[in-house]
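Report on the following structure.
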Amino acid sequence: MKKNILSAILFAVSTVVCAQSSSMSFGVKGGYTLSSMKFFDAKLDSKSYFYVGAVAEQALSPKFAVQAEVLYTQLGGKESYPWTQLVGNEVVNMGDMNFEYQMNQIQVPISAKYYFIPNLSASVGMNIGINVSTKIKTSSLFNDTAKDNYAGAKTINLFPFLGAEYKINDQFFVDARYHFDFIETNKSQHVPTKVGFLQAGVGYRFK
């Protein structure tokens, strides 16, 4: 597994290096990640976070290009359960117990792009998500927040996606993409877990 992680990182780094030594364009980007997590078919509350990273694009023709990125972000979900206690013969609601699932990831999205017009393109691809750490954060009205390891998560996750990009000018662009929850993100088959997420942000390409 460590070899797979190293290979993915080396591929991403080599892509960036090639971007500086060829006719590829190179830039940076950042924005907003909104993820949705499912246990079985039960959807958890959405989790929002930021993403930041680098992007390289190689034009194949006036209409087609390939793009590779290296991003850092966090995925996950939230859920709450009522916390009750028996006081005498009465069940008393003590507030909610809150759980937040956190998957800190280095992501390597690889995509094929089609330009409808010079400034507007659509993309399809695969995002390789490499978990750096996985945690469960618990909190309630009466105790301090605590973090524990989130056991069972796969180290490497795959997220197919569709997206679009608009170039404001030669340097600045905006883009958005949705990653589908087709592939399970945990090792255990007892609790099937899937994550889908939206990313939207802005970027800058160097000349």
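Sequence positions in the sequence shown follow mature numbering (1 follows the signal peptide of the UniProt record, and there is no 0) and run -19 to -1, 1 to 188.
By construction, the Cβ of each residue, glycine as well, lies at the ideal position given by its N, Cα and C atoms.
Could you tell me which of the options sits nearest to residue i, measuring between CA atoms?
i: Ile117; options: Met78, Ala157 and Val36; result: Met78
i: Ser92; options: Ala40, Pro173 and Thr54; result: Ala40
i: Gly11; options: Tyr53, Asn138 and Pro173; result: Tyr53
Locate the beta strand (DSSP E) running through residue i, then write down its first and last residues.
i: Ile117; result: Leu101 to Ser121
i: Tyr159; result: Phe153 to His160
i: Met18; result: Ser6 to Phe20
i: Asn130; result: Ala127 to Asn130
Looking only at its chain, what residues have a beta carbon closer than 8 Å to the beta carbon of residue i, apart from the 5 residues adjacent to it on each side?
i: Lys44; result: Tyr95 and Tyr96
i: Asp129; result: Lys116, Ile117 and Thr119
i: Leu101; result: Ala145, Glu146, Tyr147 and Lys148
Decide if residue i is buried, meaning its Cβ has at least 16 other Cβ atoms within 10 Å, or exposed.
i: Lys188; result: exposed
i: Ser2; result: In this prediction, Ser2 has a pLDDT of 45, which is less than 50 and means its spatial position is unreliable; what the coordinates show is noted afterwards. Ser2 comes out exposed.
i: Asp156; result: buried
i: Lys175; result: buried
Tell me which same chain residues have a C-beta within less than 7 Å of the C-beta of residue i, skipping the five on either side of it?
i: Leu15; result: Ser27, Ser29, Phe178 and Leu179
i: Val113; result: Asn85, Gln86 and Ile87
So, at 6 Å on beta carbons, what are the nonlocal neighbours of residue i in its own chain, with the 5 sequence-adjacent residues on each side left out?
i: Ser6; result: Glu38 and Arg186
i: Ala127; result: Thr119
i: Ser17; result: Ser27 and Gly177
**Report entry** Three CB pairs or more closer than 8 Å across the region 105 to 113 and the region 139 to 149
**Finding:** yes
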